[in-house]
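Numbering (the UniProt record's numbering), first residue to last: 1 to 430.
Glycine residues also receive a C-beta, built at the ideal position from the N, C-alpha and C atoms.
Report on one structure; see the data block that follows.
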Ligand code: ADP
Ligand code: MG
């Protein structure tokens with residue numbers, strides 16, 4: 001079918017059961033079915049998958065979807081198979097397949113049955129697969145989590161750097177990159193690396209108007225402060241992020257002895273315990289998960305009412321992602337972070353052993369965290385500005401939803417801060 005003959009709303013309903021596109025989805029889908037290189041920047045939960053799944057389903061040929069996480073690929077393939085009577089409509093190609101399974105995948109692609117082929121970037125480098133894919137009809141290549149291309153992203157993966165070369169070998173096919181990382185630097189890197197300077201770019205707003213942002217100085221009272229906060233939110237779901245596994249265990253224990261139902265979650269726990277704790281949280285058998293950053297990937301609990309950062313994260317992207325797990329349902333979401341410069345120094349120490357280039361990027365990202373934590377301006381404005389988005393702190397959505405706006409620092413105080421800063425600058429210069 002020609003692109004202009006496709007009734008997208010009908011196909012949307014038929015495959016996904018949805019009546020309406022969300023946000024920019026329809027524009028993106030159109031861009032892809034007309035064969036354009038496209039670049040999609042939408043926050044987590046924005047509905048990026050559909051942007052490439054729908055065009056793949058309605059077009060001839062197979063779309064290749066590159067994704068970094070095997071578990072997520074499997075979930076997506078299962079979901080797509082649920083939309084169709086043909087299991088072969090979607091496949092994963094990875095190193096765990098047997099010879100027989102690989103042959104099945106190949107024959108489903110060759111016969112035109114397979115619309116979506118999920119691959120990990122390292123599998124795509126295999127010569128055998130490249131040779132095979134060269135000989136079949138491909139509709140486009142979607143690169144999910146495209147920020148993995150950039151060293152400025154929070155999840156750099158060197159294999160992603162090779163993708164452009166491999167795709168070139170496969171022929172002249174459109175590319176679509178998708179990410180939830182909105183910093184202009186990462187975006188630039190992605191477009192450059194994929195060599196698609198003229199890609200149609202679609203960027204959704206990153207403003208989460210229902211989240212309240214608050215940063216408090218970290219003092220020795222932090223523990224009683226956290227306990228008080230949670231008791232004020234009795235029966236509500238929340239996540240507390242800590243930097244180390246040890247701290248996670250400590251805080252989880254502290255909460256438990258204070259009568260708060262909480263479980264720890266970190267990569268040091270065995271898989272069974274982790275899964276159990278996650279389920280307990282999702283099923284509301286416990287109110288609070290105390291976790292390292294290992295917790296959260298793909299977690300979709302709509303009614304998380306608070307996210308506390310016991311330790312400030314290493315970048316504003318991480319902060320945005322982690323706080324973003326609050327208030328998915330549009331209801332209240334309180335994001336409270338504790339900040340002390342000592343924690344920044346700790347994070348700097350972690351970077352000390354890394355390659356210089358990586359260290360430099362790490363420091364630059366940390367400086368942004370410091371500036372955010374110490375600012376007296378609208379935190380929302382600051383965050384959105386970091387993501388390249390203008391925000392009107394008087395009239396924008398959620399304008400009064402942060403500590404700085406609700407309780408502006410008094411003039412005197414602010415003035416003292418400036419004087420203090422000038423003094424420090426002067427002293428360091430001397
Ligand atoms: P992202 O990859 O951007 O984080 P997903 O693709 O995982 O987001 O989609 C997030 C959720 O939004 C999913 O539960 C999906 O089913 C839902 N969704 C996507 N598009 C629509 C739509 N047009 N109408 C209703 N729900 C949608
Ligand atoms: Mg996604």
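| said: Between the alpha carbons of residue 147 and residue 201, how many angstroms are there, rounded? | reply: Computed Cα separation, rounded: 15 Å.
Is any beta-carbon of chain D found at less than 8 Å from that of residue 61?
The displayed structure is made up of one protein chain only, and chain D is not part of it.
Would you report the Cα separation of residue 116 and residue 198, rounded to the nearest angstrom? Whole-angstrom Cα-Cα distance: 25 Å.
Classification of residue 98 by the beta-carbon crowding that lies within 10 angstroms, buried from 16 upward: It is exposed - the Cβ of residue 98 has fewer than 16 other Cβ atoms within 10 Å.
**Prompt:** Distance, Cα to Cα, residue 133 vs residue 60?
**Reply:** Going by the C-alpha atoms only, they are around 15 Å apart.
Practice item. Note down, in chain order, each residue of its chain lying with its Cβ closer than 7 Å to the Cβ of residue 14, except the 5 sequence neighbours on either side. Key: Cβ within range, chain order: n/a, list empty.
How big is the Cα-Cα spacing for residue 336 and residue 151? Straight-line Cα distance between these residues: approximately 28 Å.
Fill in: Assigned exposure category for residue 391 - 16 Cβ within 10 Å defines buried
Per the 10 Å Cβ criterion, buried.
Q) Can you tell me whether DSSP reads residue 237 as helix, strand or coil? A) Under the three-state reduction of DSSP output, residue 237 falls in the strand class.
DSSP three-state label for residue 168, please.
Reduced to three states, the DSSP call for residue 168 is helix.
**CB of residue 289 within 8 Å of CB of residue 328, strictly** = Taking a C-beta distance under 8 Å as the contact criterion, residue 289 and residue 328 do not qualify as a contact pair.
- Task: Jot down the residue ranges of each uninterrupted alpha helix (DSSP H) in the region 108 to 149, minimum 4 residues, whole runs only, in chain order.
- Result: Segments of the alpha helix (DSSP H) lying fully in the region 108 to 149: 121 to 124 and 127 to 134.
Practice item. Can you have a look at residue 100 and say buried or exposed, based on whether 16 or more other CB atoms are within 10 angstroms of its CB? Key: Label assigned to residue 100: exposed.
Exercise for review: Within its chain, find whatever has a CB closer than 6 Å to the CB of residue 213; leave out the 5 residues flanking it on each side and keep chain order.
Suggested key: Once the five neighbours on either side are set aside, the close Cβ partners of residue 213 are 335, 379 and 402.
Can you tell me which of the three DSSP states residue 430 falls into? Note that residue 430 scores a pLDDT of 48, beneath 50, so its modelled location is shaky; the value from the coordinates is reported in the next line. Note: residue 430 maps to coil in three-state DSSP.
| Going by other Cβ atoms of all chains shown within 10 Å of its Cβ, with 16 needed for buried, is residue 461 buried or exposed? | What is shown of the chain runs 1 to 430, which leaves residue 461 out entirely.
query = Would you say residue 242 and residue 273 are within 8 Å of each other, going by their C-beta atoms?
reply = Contact: no.
Less than 8 Å separating the beta-carbons of residue 312 and residue 373?
Cβ distance < 8 Å, so residue 312 and residue 373 count as in contact.
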